[in-house]
Structures are given as structure tokens and as C-alpha cells.
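Residue numbers (this note's numbering): 4 to 338.
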């Protein structure tokens, strides 16, 4: 198949691209290589695909309407995996306009491209951030998610609503994936595994918010990609039992589905830090700080639906995943 992967130089995007190429798919990757974090890391991820048959890369912005119209017109894509976005909860407090440009306008360009070029299936990245002020655990796709507590979360929930409207109006099969705190080798430098490892190895103090009283459903990258590919291979169909009088948020009478992808086992932040200490062989110096605006206390994914569809079952425990990440970090940065 001809597959478009947006955000192909990103953390999850580079892994998905590799798996699709290994399967023999033809992949077009697009990424704007912006400086939200070190572009050199993004370019290093792309170097893994140099010389690979069936891969081409385009440096460009999904918010560029003319570029995206040309890309879809010439690409003849059967399926699209949309992973490009402006990420980060705290960054959205300082740079809100970037999130509208990339996550709203850019996503509209993806939807329009899929609609007009007859794409068979669009799989797109949502986020556990859509659950916002929800506190019932574990988070279920079948619960309403109408109270985001960050603009980032609001844009991701908006993506889900936009996608449903296209599934309804144009019968475009769409699957949204709510990712839960992804980590592993080649991870993002703005996320806690990377930040904590870098500072602990350097002997610097780490900032721990909400005085360490956080828990996250940390999910290893290989497990995440298994879930992405599993849904990629299952084109959604309308739910015949869907009832507008009691609407199920995760399904529809249109070809639309939402799935959580998480580990289904939240880890206390202080235990997570202890795993990094064990892997690095160094004790962390910790600054305990108040809860930050936009943060949630705990995340915990209900993954029953994804398991029923694909057999998805995360297998990487936190100590193993952290050890692999620290080994990669030491090797990549020569620490």
C-alpha cells in the first residue's frame, strides 16, 4: 500500500514508519522538523530510513494548505497515519496560536485530503489529555470527555469531533488513538523520562510537580506501535447498536472508533524516578513543587476495546523500558 505518515521524524512516527517499511508498505513521510525540540534528533531518526526502498520524505508543514492538496493529489495514498501535531501541555500555555495552526488547521488539511482522494482509512493521534477533569478510573473511551484542562487537550478533543463529522458526512473510515505517556529510546526531550535522565546523569536537580503525587500510565514505545499497527489493519465500520438517544462516545453510526492505547497500569511518579535512579546508578536530587496549570493528577487507561479488536496487551514493565531508554540515551549522547 501507499501510506502517508505525518510526523514521520517524530518519536512515534519514526517507529511506525519503520514497522510499515518492514512489512513492505510504501511510505511517504512528512515532517516540518521544527525547533520545538532539537531538530538534530529528528534528523537522526530519519537517517534510519536512508536507502530504504519504498520510503520518501518531504519536509513541510501540514498547515500549508497548498502543499497538502498537492501531496494528496499526487500521492495516491490508500491509508494515512496522522501523528504530526504540536505536542506538550505546558507549552500550550505560552504558545496557544501554534496549537491552532498545527492541531486544528493542519488536521483539517488532512481530513480534506483524505476526503477528496478516497483514502480507505485514516488513523490519527489523539491523547489521554482529552480526559481533562475526569476522575473516574480507569479512563474509558465510552465516558464523555468534555472538560479538557489544557488547550493541547482541547485541540485533541476537537480533532476527534472533526474526524467524526467527516466519518458521518463522507463515510471516511476514521480511528482515533488516545495515547498514554509514551516513552522509550528515541523519545521526546520535553517529556519526563528524557528530562529526568538527562539531569540525573548530569548531577542536576529535577523538578517534580504536585510534590511527587502524580501517577502516569507510562507505555513503552514498542507496545504503543503494536496498538497503532493493529488498528491500522482494522478499518472501522458503523456500530449497528449505536443509539442517538444514549450516544456512545467511542463508536458511531458512522465508520468511526476511538481507542485508548496505554499500559493499563499507572506508575507513581516517585516509583518512576526510582526506576531511573536504578538504571543510571545515580541518586536524584529533587525539587518538590506545586501542581502546574493544565496538569492532571493521574492517568490510567482502560484498554479492553483495543484488546478485543487486536489482542493488544502491553508486555514491557517499567523497569525494563526505563533501562532500555537509559542505555539508548547513554549511547546516543555518549554519556
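All C-beta atoms, glycine included, are put in the ideal place defined by N, C-alpha and C.
| Asked | Found |
| --- | --- |
| Between the CA atoms of residue 178 and residue 239 - distance to the nearest angstrom | 7 Å |
| Element boundaries [alpha helix (DSSP H), containing residue 94] | 92–97 |
| Of the residues 273, 75 and 100, the one placed nearest residue 112, counting alpha carbons only | 75 |
| Same chain, Cβ closer than 6 Å to residue 331, five either side skipped, listed in chain order | 188 |
| Residue 59 burial status per 10 Å Cβ neighbour count (16 or more: buried) | exposed |
| Residue 230, enclosing alpha helix (DSSP H) - first and last residue | 224–235 |
| Residue 290 - DSSP class collapsed to helix/strand/coil | strand |
| The region 214–232 / the region 27–42 touching (three or more Cβ pairs under 8 Å) | no |
| Neighbour-count burial assignment, residue 147, 16 or more Cβ in a 10 Å radius | exposed |
| Host beta strand (DSSP E) of residue 275 (start-end) | Unbroken run through residue 275 is the alpha helix (DSSP H), 272–283; no beta strand (DSSP E). |
| For residue 183 and residue 264, believed in contact at Cβ under 8 Å, the rounded distance | 7 Å |
| Residue 246 versus residue 169: straight-line alpha-carbon distance, rounded | 19 Å |
| Cβ-Cβ distance between residue 180 and residue 92 below 8 Å | no |
| Inter-residue spacing [alpha-carbon to alpha-carbon] between residue 50 and residue 250 | 46 Å |
| Contact test: residue 279 Cβ vs the ligand ADP heavy atom, cutoff 7 Å | As for the ligand ADP, it is missing from this structure, which has no ligand bound. |
| Touching by the beta-carbon criterion (3+ pairs, under 8 Å), the region 4–13 and the region 82–89 | yes |
| Delimiting residues of the alpha helix (DSSP H) encompassing residue 119 | 109–120 |
| Run of the alpha helix (DSSP H) containing residue 210, from where it starts to where it stops | No alpha helix (DSSP H) contains residue 210, which is instead part of the beta strand (DSSP E) from 208–211. |
| Distance CB(residue 134)-CB(residue 142) smaller than 8 Å | yes |
| Which of helix, strand or coil DSSP assigns to residue 134 | helix |
| 8 Å Cβ cutoff met for residue 65 and residue 33 | yes |
| Span of the alpha helix (DSSP H), counted from its first residue to its last, around residue 266 | Residue 266 -> no alpha helix (DSSP H), and no H or E assigned at all. |
| Short Cβ contact (8 Å threshold) for residue 55 with residue 36 | no |
| Contact set for residue 20: own chain, Cβ-Cβ below 6 Å, skip 5 residues either direction | 8, 11, 30 and 32 |
| Pick from 61, 47, 271 and 289 that is closest to residue 207, judged by C-alpha positions | 289 |
| Simplified DSSP state of residue 104, which is helix, strand or coil | helix |
| Classification of residue 227 by the beta-carbon crowding that lies within 10 angstroms, buried from 16 upward | buried |
| For residue 5, the residue or residues it bridges with in DSSP | 29 |
| Which listed residue (122, 318 and 106) has its alpha carbon closest to that of residue 158 | 106 |
| Reduced DSSP secondary structure (H/G/I, E/B, other) of residue 78 | helix |
| Three-state class that DSSP yields for residue 16 in the structure shown | helix |
| Runs of alpha helix (DSSP H) wholly within the region 29–65 (minimum 4 residues, chain order) | 42–50 |
| Cα-Cα separation, residue 304 to residue 315 | 13 Å |
| DSSP-derived helix/strand/coil call for residue 69 | helix |
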